[in-house]
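What follows is a single structure, written as structure tokens, with notes after it.
There are 2 protein chains.
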Amino acid sequence: MKDKPLRSAPTPSVRRMPRYLRCLHALRSDRVEWISCTFLAERLNVDPTLVRKDLALTGITGKPKVGYYLPDLIMAVERFIGWDNPEDAFLVGAGHLGTALLGFEGFARHGLNIVAGFDNDPTKVGTTVADKPILDAAKLPDLAQRMHIRIGIITVGARNAQAVADLMLSGGITAIWNFAPVPLDLPEDVILENEDLSGTLAVISRRLAASGI
Amino acid sequence: MKDKPLRSAPTPSVRRMPRYLRCLHALRSDRVEWISCTFLAERLNVDPTLVRKDLALTGITGKPKVGYYLPDLIMAVERFIGWDNPEDAFLVGAGHLGTALLGFEGFARHGLNIVAGFDNDPTKVGTTVADKPILDAAKLPDLAQRMHIRIGIITVGARNAQAVADLMLSGGITAIWNFAPVPLDLPEDVILENEDLSGTLAVISRRLAASGI
DNA sequence: TAGATTGTTAATCGATTAACAATC
DNA sequence: TAGATTGTTAATCGATTAACAATC
Chain A
1 MKDKPLRSAP
11 TPSVRRMPRY
21 LRCLHALRSD
31 RVEWISCTFL
41 AERLNVDPTL
51 VRKDLALTGI
61 TGKPKVGYYL
71 PDLIMAVERF
81 IGWDNPEDAF
91 LVGAGHLGTA
101 LLGFEGFARH
111 GLNIVAGFDN
121 DPTKVGTTVA
131 DKPILDAAKL
141 PDLAQRMHIR
151 IGIITVGARN
161 AQAVADLMLS
171 GGITAIWNFA
181 PVPLDLPEDV
191 ILENEDLSGT
201 LAVISRRLAA
211 SGI
Chain B
1001 MKDKPLRSAP
1011 TPSVRRMPRY
1021 LRCLHALRSD
1031 RVEWISCTFL
1041 AERLNVDPTL
1051 VRKDLALTGI
1061 TGKPKVGYYL
1071 PDLIMAVERF
1081 IGWDNPEDAF
1091 LVGAGHLGTA
1101 LLGFEGFARH
1111 GLNIVAGFDN
1121 DPTKVGTTVA
1131 DKPILDAAKL
1141 PDLAQRMHIR
1151 IGIITVGARN
1161 AQAVADLMLS
1171 GGITAIWNFA
1181 PVPLDLPEDV
1191 ILENEDLSGT
1201 LAVISRRLAA
1211 SGI
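Here the protein sequences come in this chain order: A and B.
Here the numbering used here is used: the first residue of the first sequence is 1, the next is one more, and so on.
Here the numbering used here is used: the first residue of the second sequence is 1001, the next is one more, and so on.
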């Protein structure tokens, strides 16, 4: 019942939220009830003001001298990220990477519920991976539409990634998490996040090369 | 023989380099010889000045009106990232994610040469994945030291990640690419890059939740 | 030459950090 | 109360974008 239930927030802040959350969950296991962002900041090795601003984004308010009430804070952060009610997702590409993602138990706690995998390899179609069915990729658009799936995860190779993305769009999917090492050509309004391994690799290589001097 | 062979560069710039490189390689296949950063910028949908500044970091100079000589540019960018001579690496955790990474052909062209995988599952030790041997994790420190390995890739679960990191450090590894969803506690001088899936997931979830309003 | 493009300096923008009054 | 902590406003910092002279 807040005035501004969901406003746009700085992406770096959103990215930090899971780190706070992990720390908060650990504190809850320790039966902590009140938590100051001074403490949180020290634990995560970031600036206290930054933590305070980030937490303020979730709409929660703390009490001077005591901090934030932990259960409320956890709920506020989860609600802010949208992890309070997990979203169903489809994954295409049941190779090793896809299998790894299908098997990640953690996703459920991270607002993501992968309900099925897709592939066009006939030897894979009809099997299950981590209790999730692997279906024929051709069936994706129809199923996605009927199940109102909004998130698609691409774990196919570079060659097929764009075709898979198009397939997802035709099924009404509006957010794509792309693990293929190619830029995708998508409409402006589609939410796209690339898991940019080569970018990370470049940072590591560069630092290593520079440190050798 | 430049004055400043390797200076610190903005991380966002370094992250963009692989995108330029991919585009440049494609242009080379098309037999293009000269390339302007105006063109590159348009193709990659970024600001031309940004491209110019990024490319300037590599030390290359272009010619007004013509642009940059493609072969030189590619070499300059690769050299800047440190991809001109690939670096050997060890990977620990031969699960699905580890197997996927061991099998990525693309890494060789990205300055990374994973020479072996490690695990402590006896059924995996002694096998090969993508022609790479899976060895007993206990042997890592000694081997890493003898082979002067500097890069370690962690693809084990959250529980074991810190232990694996410590193992790597004891083997003299100085750069860690961490795929486990836990923050690692490492000395300041160790190069660390986390593949932060939950952060990405938060960004997607948040955008999706916000778009629903 | 004219005009496109480079290289560089200045302006803007956004995120982080610092400062400080309000408060329990 | 005294002191720690919140919430907010101002300053800093770094990256991106704009402006423009130099150049082939």
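Built from N, CA and C at the ideal position, the CB exists for glycine as well.
Query	Result
Helix, strand or coil at K65 (chain A) [DSSP, three-state]	coil
Close-in-space but distant-in-sequence residues of the same chain around R1150 (chain B) (CB under 7 Å, 5 per side omitted)	E1087, I1173, T1174 and A1175
Local Cβ density within 10 Å of A26 (chain A), reported as buried at 16 or more and exposed below that	exposed
Below-8 Å beta-carbon distance, M1 (chain A) vs any chain B residue	In this predicted model, M1 (chain A) has a pLDDT of only 31, less than 50, meaning its place in the structure is not dependable; the value taken from the coordinates is given anyway. No, because no Cβ of chain B sits closer than 8 Å to the Cβ of M1 (chain A).
Extent of the continuous beta strand (DSSP E) to which A175 (chain A) belongs	A175 to N178
Three CB pairs or more closer than 8 Å across the stretch 124 to 135 of chain A and the stretch 102 to 115 of chain A	yes
Run of the alpha helix (DSSP H) containing F39 (chain A), from where it starts to where it stops	C37 to L44
K1139 (chain B) versus L197 (chain A): straight-line alpha-carbon distance, rounded	27 Å
Short Cβ contact (8 Å threshold) for G126 (chain A) with I134 (chain A)	yes
Contacts of E195 (chain A) in chain B (Cβ-Cβ under 9 Å)	E1195, L1197 and T1200
Buried versus exposed call for H1250 (chain B) [16 or more other C-beta atoms within 10 Å across all chains shown]	Lying outside 1001 to 1213, the shown extent of chain B, residue 1250 (chain B) is not represented and no answer is given.
Partners in chain B for G106 (chain A), counting only beta-carbon separations shorter than 9 Å	A1158, P1181, L1197 and S1198
Neighbourhood of S170 (chain A) by C-beta, 6 Å cutoff - its chain only, sequence neighbours within 5 removed	P141
Meets three-Cβ-pair contact criterion under 8 Å: the stretch 73 to 93 of chain A and the stretch 1202 to 1210 of chain B	yes
Below-8 Å beta-carbon distance, E33 (chain A) vs any chain B residue	no
For L1184 (chain B), the three-state DSSP class (helix, strand or coil)	coil
Interface flag, M168 (chain A) vs chain B, CB-CB below 8 Å	no
Top-ranked residue by Cα proximity to I35 (chain A), from A:V14, A:T61, A:V164 and A:N85	A:T61
Any beta strand (DSSP E) of 3 or more consecutive residues that is wholly inside the stretch 1113 to 1196 of chain B	1132 to 1136, 1151 to 1154, 1175 to 1178 and 1191 to 1194
Straight-line Cα distance separating L21 (chain A) from M1 (chain A)	With a pLDDT of only 31 at M1 (chain A), under 50, the local geometry of the prediction cannot be trusted, and no value is derived from it.
Close-in-space but distant-in-sequence residues of the same chain around L1143 (chain B) (CB under 8 Å, 5 per side omitted)	F1090, A1116, L1135, I1149 and G1171
Status (buried if at least 16 other CB within 10 Å, exposed otherwise) for K124 (chain A)	buried
CB of L24 (chain A) within 8 Å of CB of L70 (chain A), strictly	yes
Amino acids of chain B, ordered along the chain, whose beta-carbon sits closer than 7 Å to that of E188 (chain A)	Neighbours of E188 (chain A) on chain B: none; closest Cβ ~11 Å, over 7 Å.
Range of the contiguous alpha helix (DSSP H) that encloses F90 (chain A)	No alpha helix (DSSP H) holds F90 (chain A); the beta strand (DSSP E) holding it covers E87 to V92.
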